[in-house]
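Undergrad: Chains as they are written, first to last, in this note's numbering: chain D, 383 to 764; chain Y, 3 to 460; chain F, 30 to 230.
Right, I'll just put the structure down here and ask away after.
This is the structure we're talking about:
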C-alpha cells in the first residue's frame, strides 16, 4: 500500500508500536465539552497524541435518503437542517442545481437578494464558529461577544425571511419573499456597526499574545498537504491556496461583485482561525456592494410549475459556504422527486485532515486544531 | 379519582409523629445530654466580672441587659469565635461568596451581558445561595471502581486545607489571627504543599481517565510553581528578618514592600494564579480538553466543597499578597482616635446654659471601650485585646486591599485564553525562578548597601 | 570503483526558467576517460537539510574527447506526486454512489476538482463507473467491488468509506474499509439502496 501522505515527523521517543502501558486511549466525545456531536478516539503517550481517529455519525439523519422521498419543493426545509445557522449557503447548491434541472431563469433582483442573504448567513455561521473557538481556547469573552453580535444578522434575516434561524428562504426560481422596504438602510447600519466590532475582536482575541503563542505553529498544514488532502474553504486558504468558489466559478451575481479572497501562508491553527474572521470583513464588503448594485424593484421569483420534474439528467453545482465548497449532486429520472441527492459539504472534506494534523500534537492543542478546521459535526453527518 | 395520599389515615399520621418524637427524645436523653455534659466538663469556661460563666448563668444573663455586653465580649474573644467567625472561616467564606458574586457580575459586564439577574431581585444577589441549595440537593454519584474512602475524603480534605491556610492569615492588629505562629510563612508553605497531594489523590481515586490527566497536570503545575512562590517571598523575609506574618505587616507601617520589590510581587502574583488554577493557568480544569479535569467525577456537594475550598484558597492567597507586599492592615486612620477620657469617663452634655447636666458614656459596644492610643491593653492568658477603632480601621484597609487584589486575580479570566502545559512549565521553571532570584539579589543588595534592613529604613 | 573529487563550477547558463547548462572542472584538472552516455554522481552540501551532502546522478553532455570540462544540461523536473494521474487534479469534491436496481448495477461518481491550475479550477470533472449489484447484499464479501482511487486521490478516503457503508460497494485497495457514519452494530441493508424503505413512507 503506497502511503501517499507521508507520516508526520513525530517527536523523538514516541511510537505506537510495542508500547502497551504508556498509551492511553481517550474517547473525546460524543458527550464532551470539547468535541461537538462526534467522537475522536485519541491515543496519547504522555501529553502527545500518537493517534487520532475521528468517528462521526452521532447525528447522522439520512438527509440524502429523506430527499429521495420528497419532491423538489418539500426538500427545501429539511435540506437546510444540517447547518441551521448557515442555512442559506447549504441550500444554495441545491437550489442552483434544481434550477439547472428544471431550466428556469432567476430574476436579477432575486440573484442579488440571494447573495445578500448568503453573505449574512456566512457572517452568522462564522460568528457562531468563532464563539466556540473562543471557548475551546478558554477565552470566555470571545465566546460571548460573537454570540451576542450574531443577533444583528439574525434580526436582519428575520426581517427578510421571517424566521430567525431556519429560513428556508431560497427556492428554485428566486427567493421566497421580497425584502422589506427599509431593508437597505437597516442592513447598512448593522453592517457598519459590525465592522467596528470585528476590529475589536481582533484587539482582544487575535492580537492576544497568549493566543498567538498557543496557536501559532500548531497543527501546521502545508500547502501541498492541504491540496492533497482535498481540504476546502478557510483551511485551504489558510495554507496559501488562493481558491474560492465565489471567485473561481462565480454563481448568481458574484461575477459582477468585487470579491477578494483572503489567503494566509502559515497554515497553522492561528491562520486557520484568522481566515474566517477576514472572511466576515469581506462579507460586509460584498453586502455593501450588492446593496448598491441591486435593482430597486422587480420580480424576485420565477414561478415554477406545480410539481416540477427534472429530465433524465444529473447535475453537480457548488457554492462557497461558511466551511468551504458545498456541492450538491442531483440525479433526476423524470420524476418530481430527485432519484439521488448527494450533499458534498466542506466539513466532511475537512475532516480528513484531522487525524493527520492531530498526530504528534500535544493534547492541549487538540481543541485549537480540531475547531480551526472549520468543522461542523452535524453537517458532516448529514 | 387520584389523590396525593390514597391510603391516608389519621391514626397512622399521628403514630408517625409520636414515633418520631419518641425516638428523638430517647436519643437526646441517652446520647445528647451526656455529650453536652462531657463537653461542659472539659471546656474552659470564661470568668466574667469575677463569676464563672456556667451554662445556666449564660442562659440567665441572656435576658439580663446589663450582662449581655460582657457576655458578647467574652464570646468575641473566645477561640471558637476566631476559628469559626471573624478572622477564620466565616469571614473568609463571606469574602469568597462576595468574590463569586463580583466575578460573575464583572465578567458579565465585560462580555456585554447582565449575568445573574433574577434570583434575589437585586442583580441576582441570591444566585449563589440558589446554586448552593441546588448542589446540596443533588445526588452524589461515585464511580463504581473508585477508591471510595479517598474519593470521599478528598473534597473534605481540600476544604480543610484551605481553611488551615485561612487560619494563618492575620487580618487586624493585636493578634486577630487564628494561629499566630512565629513560623507563619513556613506554615503557609507547608499548608500549600498539601494541595497537590490532595489533588492527585482525588484524581487517582476516581479511577477515571480525565480526572487522572487533570490531576497529573495539577501536580505538575502546583509543584513547579511552588518554587517561585516560595523564592519570591524570601526577599521580604530577608528584609524583615521574621517569618511571623503579623510582624511582617507591622514592618510595613511606613511603606509597603511592593515599592522595593515589584519583581517579587509580580512573580508571586503569577505563581499565585497558577496555584489557584485561574485562567490563563486553569489547565487542570481545561474543559475543552479534559472535561473538567480532576473535578470531572465530583457531583453534588462534593463539587460544591471543592469550589468552596478553591475560593477560600483564593481569598487566602490574595490576603497573603496583601500581607507581604501591600502592607496588610496598615493605612491612614479613617477618623481620628477618640480620647481616652471620652471612652473611660463619658461625654458631658451641657444644657442650653452650658452647664454639664448629663454624662453620656461611650457606647457599650464591645469594640469601643478600650483605650485607642494603645494597641494592646489587656492580657488574659494568651489573648491580646485591641482597641476597637484600630481593629475596625485595620479590617477596612485589609478588606479593601484584598478585594483589589482579588479583582486583579479575576480580571484575566475575561482577557486571556488558556495556555498549554508545556508553556506553563516553561514560564515556571525558566522565567519565574530566575526573576525570583533577581528579587532575592535586590533584597540582599538593599541589606548589604545599608539602605534597608530588619526593622525598616536604616 | 568510486573516487571522490572536488570540482569547481566554471560556467552556468540559464536557457529557460527550468533548464540550464553547467560546466564542472575537477580540482586537479584531469578529466578521466568516459564513454558517451555515461553519468556522473554530483554531490553538494545542501543548507536546508543541515549541510548534508545530497548526491544526484547526471548524464554527461559533453563529448568524451573534450578534456577541459564536464558539461551538463540539467532540467528541473517538477515532480508529480506518486501515482497521480495528472499533477493538477487533486481533490475529490464528492464521491456519490447511486443505486440502479433495474439495471442491477450501482453507479459511483467521483467529482474531481483542481486547486492549482486556473484552467481546471473553474470546472469539476465527473468520473462515473458502475459496479454489479446483488439482491441480498453482503457488504465486502460479494461481487459489488470497485478498485479504490485512494492511492491516487488521497482525499477520497472518507468519501469511499461513506459509499461503502451507504451502498455496500467495497473498494479494493482501500486501507480502512470501516464504518464511518452508521453505528457499529448496523445489520440492515445499506441504507441508500432503493430497497431500503423509509419507514412511514
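Even for Gly, the Cβ is constructed at its ideal location relative to N, Cα and C.
Confirm, please, whether the CB-CB distance from residue 170 (chain Y) to residue 258 (chain Y) is below 7 Å.
TA: The count along the second chain starts at 1 and reaches residue 258 (chain Y) at position 256. The count along the second chain starts at 1 and reaches residue 170 (chain Y) at position 168. Between residue 258 (chain Y) and residue 170 (chain Y), the gap from beta carbon to beta carbon reaches 7 Å or more.
Undergrad: Going by DSSP, name the residue or residues bridged to residue 55 (chain F).
TA: Sequence index remark: in the third chain, residue 55 (chain F) carries index 26 (1-based). Per DSSP, F:36.
Undergrad: Could you confirm whether any beta carbon from chain Y is found closer than 7 Å to the beta carbon of residue 596 (chain D)?
TA: Taking the first residue of the first chain as 1, we reach residue 596 (chain D) at position 214. Contact with chain Y is found for residue 596 (chain D), since one of that chain's Cβ atoms lies less than 7 Å from the residue's Cβ.
Undergrad: State yes or no: is the C-beta of residue 283 (chain Y) within less than 7 Å of the C-beta of residue 276 (chain Y)?
TA: Residue 283 (chain Y) sits at position 281 when you count from the first residue of the second chain. Residue 276 (chain Y) sits at position 274 when you count from the first residue of the second chain. Contact flag set, yes.
Undergrad: By DSSP's criteria, residue 629 (chain D) is part of a beta bridge. Which residues make up the other side?
TA: Against the first chain, residue 629 (chain D) aligns to sequence position 247. Per DSSP, none; premise fails for residue 629 (chain D).
Undergrad: When you compare the CB of residue 130 (chain F) with every CB in chain D, is at least one pair closer than 7 Å?
TA: Residue numbering aside, residue 130 (chain F) sits at position 101 when the third chain is read from its first letter. Not one chain D Cβ lies under 7 Å of residue 130 (chain F).
Undergrad: Indicate whether the contact test is met: 3 or more Cβ pairs, each with one atom in the region 712 to 730 of chain D and one in the region 445 to 452 of chain D, closer than 8 Å.
TA: yes
Undergrad: Can you look up residue 248 (chain F) in the DSSP assignment and give me helix, strand or coil?
TA: Nothing can be reported for residue 248 (chain F), as the shown portion of chain F is limited to 30 through 230.
Undergrad: Does any C-beta atom of chain D lie closer than 7 Å to the C-beta of residue 418 (chain Y)?
TA: If you number the second chain from 1, residue 418 (chain Y) lands on position 416. Yes, residue 418 (chain Y) lies at the interface with chain D (some Cβ there is under 7 Å from its Cβ).
Undergrad: Mind pulling the chain Y residues with CB within less than 7 Å of residue 414 (chain D)?
TA: In the first chain, residue 414 (chain D) corresponds to position 32, counting from 1. Per Cβ cutoff of 7 Å: 293.
Undergrad: Taking CB distances under 7 Å as the criterion, tell me whether residue 114 (chain Y) reaches chain D.
TA: Here residue 114 (chain Y) corresponds to residue number 112 of the second chain, with the count starting at 1. Answer yes: the Cβ-Cβ gap between residue 114 (chain Y) and chain D drops below 7 Å somewhere.
Undergrad: How would you label residue 572 (chain D), buried or exposed, when you count the other beta carbons within 10 angstroms and need 16 or more for buried?
TA: As a working note, residue 572 (chain D) is residue 190 in the first chain. With a threshold of 16 other beta carbon atoms within 10 Å, residue 572 (chain D) meets it and is buried.
Undergrad: Evaluate residue 135 (chain F) with the Cβ neighbour count: other Cβ atoms within 10 Å of its Cβ, from every protein chain shown; 16 or more gives buried, anything less gives exposed.
TA: Taking the first residue of the third chain as position 1, residue 135 (chain F) is located at position 106. Residue 135 (chain F) is buried by the Cβ-count criterion.
Undergrad: When DSSP labels each residue in this structure, what does residue 331 (chain Y) get in the three-state scheme?
TA: One-based indexing of the second chain puts residue 331 (chain Y) at position 329. Three-state DSSP puts residue 331 (chain Y) in coil, outside helix and strand.
Undergrad: Could you please tell me which residues of the region 506 to 522 of chain D, in chain order, have their CB closer than 8 Å to any CB of chain Y?
TA: 516, 517, 518, 519, 520, 521 and 522
Undergrad: How long is the line joining the alpha carbons of residue 219 (chain Y) and residue 199 (chain Y), rounded to whole angstroms?
TA: Position 217 of the second chain holds residue 219 (chain Y). Position 197 of the second chain holds residue 199 (chain Y). Approximately 12 Å between the Cα atoms of the pair.
Undergrad: Can a CB atom of chain D be found closer than 7 Å to the CB of residue 211 (chain Y)?
TA: Within the second chain, residue 211 (chain Y) is the residue found at index 209, counting from 1. Closer than 7 Å: yes.
Undergrad: Does residue 655 (chain D) have its Cβ less than 7 Å from a Cβ in chain F?
TA: On the first chain, residue 655 (chain D) is found 273 positions in, with the first residue counted as 1. Residue 655 (chain D) does not count as touching chain F.
Undergrad: Using a C-beta cutoff of 7 Å, does residue 387 (chain D) count as contacting chain F?
TA: By one-based count along the first chain, residue 387 (chain D) stands at place 5. Low local confidence applies: a pLDDT of 48 at residue 387 (chain D) is under 50, so the model's placement there is unreliable, with the coordinate-based value given in what follows. Yes, residue 387 (chain D) counts as interfacial toward chain F.
Undergrad: I need the DSSP call for residue 46 (chain F), collapsed to helix, strand or coil.
TA: Taking the third chain and counting its residues from 1, the one referred to as residue 46 (chain F) is at position 17. DSSP places residue 46 (chain F) in coil when its eight states are reduced to three.
Undergrad: Pull up the distance between the alpha-carbon of residue 8 (chain Y) and that of residue 159 (chain Y), whole angstroms please.
TA: Here residue 8 (chain Y) refers to the residue found at position 6 of the second chain. Here residue 159 (chain Y) refers to the residue found at position 157 of the second chain. Those two C-alpha atoms are separated by around 46 Å.
Undergrad: Among Y:68, Y:224 and Y:181, whose alpha-carbon lies nearest the alpha-carbon of residue 195 (chain Y)?
TA: Taking the second chain and counting its residues from 1, one reaches residue 195 (chain Y) at position 193. If we check each option's Cα against that of residue 195 (chain Y), Y:224 comes out closest.
Undergrad: CA-CA distance, residue 495 (chain D) and residue 697 (chain D)?
TA: Here residue 495 (chain D) is taken as the residue at index 113 of the first chain, counted from 1. Here residue 697 (chain D) is taken as the residue at index 315 of the first chain, counted from 1. Going from the Cα of residue 495 (chain D) to the Cα of residue 697 (chain D) covers about 24 Å.
Undergrad: Thinking just about the alpha-carbon of each residue, which of F:179, F:175 and F:53 is nearest to the one in residue 42 (chain F)?
TA: If you number the third chain from 1, residue 42 (chain F) lands on position 13. Measuring from the Cα of residue 42 (chain F), the nearest candidate turns out to be F:53.
Undergrad: For chain F, is any of its Cβ atoms less than 7 Å away from the one on residue 610 (chain D)?
TA: Here residue 610 (chain D) refers to the residue found at position 228 when the first chain is read from its first residue. Output row for residue 610 (chain D): interface = yes.
Undergrad: Residue range of the alpha helix (DSSP H) that residue 213 (chain Y) falls in?
TA: Sequence index remark: in the second chain, residue 213 (chain Y) carries index 211 (1-based). Its alpha helix (DSSP H) spans residues 211 to 242.
Undergrad: Determine whether the Cβ of residue 626 (chain D) lies closer than 7 Å to any Cβ atom of chain F.
TA: For this step, residue 626 (chain D) is matched to residue 244 along the first chain. Using a CB distance cut-off of 7 Å, residue 626 (chain D) does not count as an interface residue toward chain F.
Undergrad: Can you list, in chain order, the residues of the region 739 to 751 of chain D whose Cβ is nearer than 8 Å to any Cβ on chain Y?
TA: 744, 745, 746, 747, 748 and 749
Undergrad: Closest by CA to residue 664 (chain D), which one among D:577, D:717 and D:708?
TA: As a first step, residue 664 (chain D) must be located in the first chain, where it is residue number 282. Checked all of D:577, D:717 and D:708; the closest Cα to residue 664 (chain D) is D:577.
Undergrad: Give the secondary structure of residue 140 (chain F) by DSSP, where H, G and I count as helix, E and B as strand, and everything else as coil.
TA: As a working mapping, residue 140 (chain F) is identified with position 111 in the third chain. Residue 140 (chain F) falls in the strand class under three-state DSSP.
Undergrad: With a threshold of 7 Å between beta carbons, is residue 261 (chain Y) in contact with chain D?
TA: Reading the second chain from its first residue, position 259 is the one you call residue 261 (chain Y). No, because no Cβ of chain D sits closer than 7 Å to the Cβ of residue 261 (chain Y).
Undergrad: If you scan the region 720 to 744 of chain D from start to end, which runs of the beta strand (DSSP E) of 3 or more residues do you find wholly inside it?
TA: Runs found: 722 to 726.
Undergrad: To the nearest angstrom, report how far apart residue 141 (chain Y) and residue 302 (chain Y) are at their CA atoms.
TA: Taking the second chain and counting its residues from 1, the one referred to as residue 141 (chain Y) is at position 139. Taking the second chain and counting its residues from 1, the one referred to as residue 302 (chain Y) is at position 300. For residue 141 (chain Y) and residue 302 (chain Y), the distance between alpha carbons rounds to 6 Å.
Undergrad: Tell me whether the beta-carbon of residue 480 (chain D) lies closer than 7 Å to the beta-carbon of residue 127 (chain F).
TA: For the purposes of this step, residue 480 (chain D) is identified with residue 98 of the first chain, where counting begins at 1. For the purposes of this step, residue 127 (chain F) is identified with residue 98 of the third chain, where counting begins at 1. No, these two residues do not count as a Cβ contact at 7 Å.
Undergrad: For residue 763 (chain D), decide whether its Cβ has a neighbour in chain F, counting only Cβ atoms nearer than 7 Å.
TA: As a working mapping, residue 763 (chain D) is identified with position 381 in the first chain. Yes, its Cβ sits closer than 7 Å to a Cβ of chain F.
Undergrad: Can you grab the Cα-Cα spacing for the pair residue 197 (chain Y) / residue 434 (chain D), in whole Å?
TA: Residue mapping note: residue 197 (chain Y) aligns to position 195 of the second chain, counting from 1. Residue mapping note: residue 434 (chain D) aligns to position 52 of the first chain, counting from 1. Using only the alpha carbons, I get a separation of about 33 Å.
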